[in-house]
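Trainee:
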Amino acid sequence: MANKKIRQKTNWKKELALAPGYLIVGIWVVFTFVLIGWIVLASFSTTREIFDGNLFKFATGLHPENYVKAWKTHKVSSYFMNSLVYTLISCTVVIIVAAPAAYVLSRFKFRGNGFLQNLFATALGIPAIMIIMPLFALFSQMHVTQSRGLLIFLYIAINVPFTVFFLNTFFHNLSVTFEEAAAIDGCSPMKTFWMIMLPLAQPGIITVTIFNFITIWNEYFISLIFANTAKTRPVAVGLYSMIQSMRYTGDWGGMFAAVVIVFLPTFILYIFLSEKIIASVTGGAIKG
Amino acid sequence: MKTKNKSMIVIFLAPAIFLYTVVFLYPTIRTVIMSFFKVEGVTDAVSGWKFNGMGNFRTLFHTPLFMSAMQNISLIWLVGGVGVMLVSLLFGVILTSGVHGKSFFRSVIYLPNVISAVAMGTMWINYVYNPNFGLLSSILKTLGFSEAAATQWTGPEMVFWSMLVAYCFGMVGYHMLIWMSGIERIPVDFYEAATIEGANVFQRFSKITLPLLKGVCRTNIVLWTVSTMAFFVWSQLFSPVNLSASTVTPMSYMYELVFGASNSAITVRDSGAGAAIGVILTIVVVIVFLFTQLIVRHDDVEL
Amino acid sequence: MKKKLCSLMAIVLICAMALGGCGGAAQSSAPAASGEASTGDAKSDVTVTYYSMWNETEPQGQTIAEAAEAFKEKTGITVDINWQGRDIRKTLQPALDAGQEIDLFDEDVERVNGTWGKYLLNVEDLAAKSYDTTDGKPLTDVINKKLVDLARSLGPDGKLSTIPYQPSTFLVMYNKDIFKTAGITAVPKTWEEWLDACAKIKAAGKTPITVDDAYMASLFGYHMGRLIGKDKTLAMVENKKIDDPAVQTFGEQWKEMYDKGYISKNAAGNIYPAGQQEVASGNVAMYLNGTWLPNEIKNSAPADFNWGTFAYPAVGKDGDGPEANQYGAQCFGINKDSKHAEEAFKFIVFMTTGEWDTKLAQNSIGVPMANDATWPTQLADAKAVLDATTTRYPWAVGMENDADINAKIKTNFALLVSGKLDAKGFADAMKK
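Residue numbers (this note's numbering), protein chains in the order written: chain A, 553 to 840; chain B, 48 to 350; chain C, 26 to 457.
(1) How long is the line joining the alpha carbons of A/Phe763 and A/Tyr772, rounded to whole angstroms?
(2) Is C/Gly65 helix, strand or coil when you go by DSSP?
(3) Quick check on C/Trp400: buried or exposed, where buried means 16 or more other Cβ atoms within 10 Å of its Cβ?
(4) Whose C-alpha, out of B/Val57, B/Met117, B/Ser318, B/Gln250, is nearest the C-alpha of B/Arg77?
(5) Give the DSSP-derived three-state secondary structure of C/Cys356 in the structure shown.
(6) Just list the alpha helix (DSSP H) runs in the region 218-249 of chain B, keeping only unbroken ones of 4 residues or longer that don't cross its boundaries, in chain order.
(7) Give the single residue among A/Lys743, A/Lys565, A/Met749, A/Ala594 whose Cα lies nearest to the Cα of B/Ser170.
(8) Going by the CB atoms, is the gap between C/Lys371 and C/Thr100 shorter than 9 Å?
(9) Determine whether the Cβ of B/Pro258 lies closer than 9 Å to any Cβ atom of chain A.
(10) Cβ of B/Ala320 less than 9 Å from any chain A Cβ?
(11) Quick check: is the beta carbon of A/Val728 nearer than 9 Å to any beta carbon in chain B?
(12) Quick one, which of C/Thr82, C/Asp70, C/Ile113, C/Tyr76 has its alpha-carbon nearest A/Tyr800's?
(13) Along chain B, in chain order, which residues have C-beta atoms closer than 7 Å to that of C/Ser443?
(14) Listed from N- to C-terminal order along the chain, which residues in the region 55-74 of chain B have their beta-carbon within a distance smaller than 7 Å of any beta-carbon of chain D?
(15) Nearest to B/Ile330 by alpha carbon, out of A/Met682, A/Phe667, A/Gly605?
(16) Contact check, C/Ala448 vs C/Gly250 under 8 Å by CB: the rounded distance?
(17) Note down, in chain order, every chain A residue with its Cβ under 7 Å from the Cβ of C/Trp108.
(18) So is C/Ile36 buried or exposed if we call it buried at 16+ other beta carbons inside 10 Å?
(19) Can you check whether the CB of A/Phe808 is closer than 9 Å to the CB of A/Asn618?
(20) For the beta strand (DSSP E) containing C/Ser130, name the first residue and the last one.
(21) Please work out which residues of its chain come closer than 7 Å, Cβ to Cβ, to A/Gly806, disregarding the five sequence neighbours upstream and downstream, and give them in chain order.
(22) Could you work out which residues of chain C lie near A/Ser797, taking near to mean beta carbons separated by less than 7 Å?
(23) Flag A/Gln669 as yes if its beta-carbon sits less than 9 Å from any beta-carbon of chain B, otherwise no.
(24) Measure how close the beta-carbons of C/Gln109 and C/Ala354 come, nearest whole angstrom, since I'm counting them as under 8 Å.
(25) Suppose the cutoff is 6 Å on Cβ atoms and the five residues either side in sequence are ignored; what does the same chain contact list for C/Met198 look like?
(26) What residues of chain C sit near B/Pro178, judged by a beta carbon separation below 8 Å?
(27) Check A/Ile710 in the structure and name its three-state DSSP category.
(28) What in chain A is Cβ-close to B/Leu182, meaning under 9 Å?
(29) Could you pull the start and end residues of the beta strand (DSSP E) that C/Ser77 belongs to?
(30) Would B/Ile111 pass as an interface residue toward chain C - the criterion being a Cβ-Cβ separation below 9 Å?
(31) Restricting to Cα atoms, I'd like to know which of A/Val716, A/Tyr638, A/Phe745 is closest to A/Lys783.
(32) Which residues does DSSP list as the beta-bridge partners of C/Asp105?
(33) Is it right to say B/Gln250 is buried, meaning 16 or more other beta carbons lie within 10 angstroms of its own, or is it exposed?
(34) Can you list, in chain order, the residues of its chain whose CB lies under 7 Å from that of A/Val592, leaving out five sequence neighbours each side?
(35) Is the CB-CB distance between C/Asn350 and C/Leu411 below 9 Å?
(36) Using three-state DSSP, classify C/Val197 as helix, strand or coil.
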């Protein structure tokens, strides 16, 4: 609100006072564009040009075939599909599991409520290294490692505490009058939740889902350990394995093409949803 | 009504608690126990564990590489943390001070967060830090600092700092958003009143913004700590073949210990020590958390 | 908004169904015919699960994938290849410990026999049999004897438990064209000749040598071997003390290399594979590396790159001469718990003999396993070096056996060749 008020009147004296601010932020933004621009240029180039630093000359022309190569021989398409499946399923199930829990925690008084809320909050502080080893042992004994199902299960389980935590505050801020009205109409609490409260919580759900989406899409360590086969790799680990194979085949143009392919969906999503994404980051964090 | 609620509470909470138990509670307890035992392979049966007391911790603290890892993670946390917090706060203040194109700037600064770290890392190493044609050396050359331009940014003296800068570059956007959300919650009347009383930009910042940001500051520190403890990909990118003293972190060291070394010699894996690393990191997180609680405990204007 | 969410859910559901179909297939490929004893004849309807050290996109990976197709056509045995890449160093052991059904795996000869030795099946008997691609002779008679002996000597209890392929030697790989322009007529055999060659290359406007973080330990190990001999060098690692007086000699010699500008100024900061890209670009003449180098950089080096190789020169009178070199191979090993050992071994034979042995070597600029094979032109000189080799260095002459020592070498050697440490400082830092 504050900014809108200020923005309405273009005050040149004020703008001048802000000049150093513009300069600093401007330099940072230009730098970011240069970095990302370089990746894009490199993806149309050849290994030789990249290592000789002749990237911007395009002496041998553009090499869009890098993209074809990356998509086909480097299996980016398969990593891409994997990530899409993992992300969509996990994001959905996380909400189905976390939203009811968050609702109950925010609405009902019962013994252990506070304890449970704290419990979920502590999960945010447990380093991955603490849980990785027993999980690996457990799932190895069950012979389910290196499978898609396991990875999805883990993504769900790992993101549930944060989502509960986030939605908890969201439900808390919703008015009780809806439930009261529903109760008068003879709607059971459970039905009230699914039919009334969940739809009302949609903005919060979308926000936290976007956040989960980006987290899962870029997730690296868990998939490195639990789903590191050509068939099951998501994009982040797929990209790293491509970089590794690139060292032995020297196809750097193809690798950067892969980088761009991996980056594009999140980027496009970001362009359309950046306001929401940002809201989800700040909304989630501020309550921590 | 009461019993109805009870069954609903149970049904609604059960799946979340089940997942929590399987993926957080059980593993954490088992890792803590494991850290006191001599365990070779991560999948070894409990019957094969040998009690080792504090032995795993002692071994770790006598291993030069682990000590380098702890030193590195401390520097990342402290130096990187101070740097990221200051830069992101600066950006947050600039962007909330009424600049035009705020949401554009905000989006671009946050952008590196949505790109895979693997892609960003490769770009930093092959482009920014390249000694022949890299961005950094070209800029320095253009500015006339030919000596500084010849620096080996990925050489042993600089590689840690290069890695840290590359990592922090991405983190600034994230923490900036958190600062911004905090700043935007400060009622605008506070500033108006201060301006009427003749306070300048800096006074307004130090007298109003800073004190009211304590809660956000705590959030930022906690989030920074958690993400720093998981520092792994960047370490792998800057030392792709095997561990280097200047880039190793507890997480990358654990990966070698538990899942097998990257060199070809007969090395015995040590999952017990890996668990001990986990315990050490968790203790660090807890200490930092308690410490931040202390900062804002008596702060009644917490936002 | 509501509509959007609904359609999202719908997509998810469809994906979930599709996944149910393919996820199952990925998992359930292994548990077939569990009653078959490994002594029985190779059955044709089984599936051999192979954890491969290659990436599918590498020439080796591509060739092996083709070979697996051909193998299936010929024998009916399916080889299910799980491309692990070099991540296999981290993924195989936990998977084996967990009892995952893996029949066949491969990696460097030292790693498979050493680190993974306890999982290996003894293949002496299988290797003594003849197969249709071995001309009626036992397998061990038709493939490279030096490497079979090596695999046997490194194997658990000195028994042959792995079958080598893709032989390699570690030596100085150089650009013959640069040597010619610089007027170097014979490859250097001693340190004096080496310095002389470096001077000429430098005078010709090129950089004599480079290195990167991946091969610093090897360079240090080789040089120490040449200074004080293999045994003393290995003993230093064994005792975890890099304290021989000759370490300072090493420091002096490589400080001189730096002072005279013989080592690339990028060497200290090169992160693998930046070093070999310097060679590919034609600016650097020499690189201490394996015979796999031409294959690794063929995409960035010119097609007519004129490769030459020679053994690391003799340095001191107390050390080894050019007759001591690291050589090795990748090795196939069979899981001792495998239910399809016969079939897995058939595939090994298929890959290491006849048609596919030749093809694999051709596609990867590598060396075939056959005894009478001709080496690729790029590596013609390397054959002579290997034939003259009487002492075998282990990988990096042991310098990578200890992660702490390796890390110390990487830091201090990089400081040495960027002028930040002198010889004494280097020796002191290594002693710590």
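Even for Gly, the Cβ is constructed at its ideal location relative to N, Cα and C.
Mentor: So, to answer that:
(1) 16 Å
(2) Since pLDDT at C/Gly65 reaches only 43, below the 50 mark, its modelled position is unreliable, and no value is offered.
(3) buried
(4) B/Ser318
(5) strand
(6) 235-243
(7) First, the amino acid is wrong: residue 170 of chain B is Met here, not Ser. Residue A/Ala594 is the option with its Cα nearest to B/Met170.
(8) yes
(9) no
(10) no
(11) no
(12) C/Thr82
(13) Gln199, Gly202
(14) Judged by its chain identifiers, the structure shown contains no chain D, and its protein chains are A, B and C.
(15) A/Met682
(16) Contact flag wrong, Cβ pair sits at about 19 Å.
(17) Ala782
(18) Low per-residue confidence applies at C/Ile36: pLDDT is 44, beneath 50, and the placement is therefore not dependable enough to give any value.
(19) yes
(20) In the sequence under discussion, the amino acid at residue 130 of chain C is Phe, which differs from the Ser named in the question. From DSSP, the beta strand (DSSP E) with C/Phe130 extends over 129-133.
(21) Asn618, Lys621, Ala622, His626
(22) Asn80, Thr82, Glu83, Gly110
(23) no
(24) In fact, because the Cβ distance is near 18 Å, the residues do not count as touching under 8 Å.
(25) Tyr312, Asn314, Leu318, Thr334
(26) Lys290, Asn291, Gly294
(27) helix
(28) Phe583, Val586, Leu587, Trp590
(29) 72-77
(30) The question names Ile, but residue 111 of chain B in the sequence shown is Pro. Chain C, which has a Cβ nearer than 9 Å to the Cβ of B/Pro111, makes this yes.
(31) A/Tyr638
(32) C/Thr74
(33) exposed
(34) Val812
(35) yes
(36) strand
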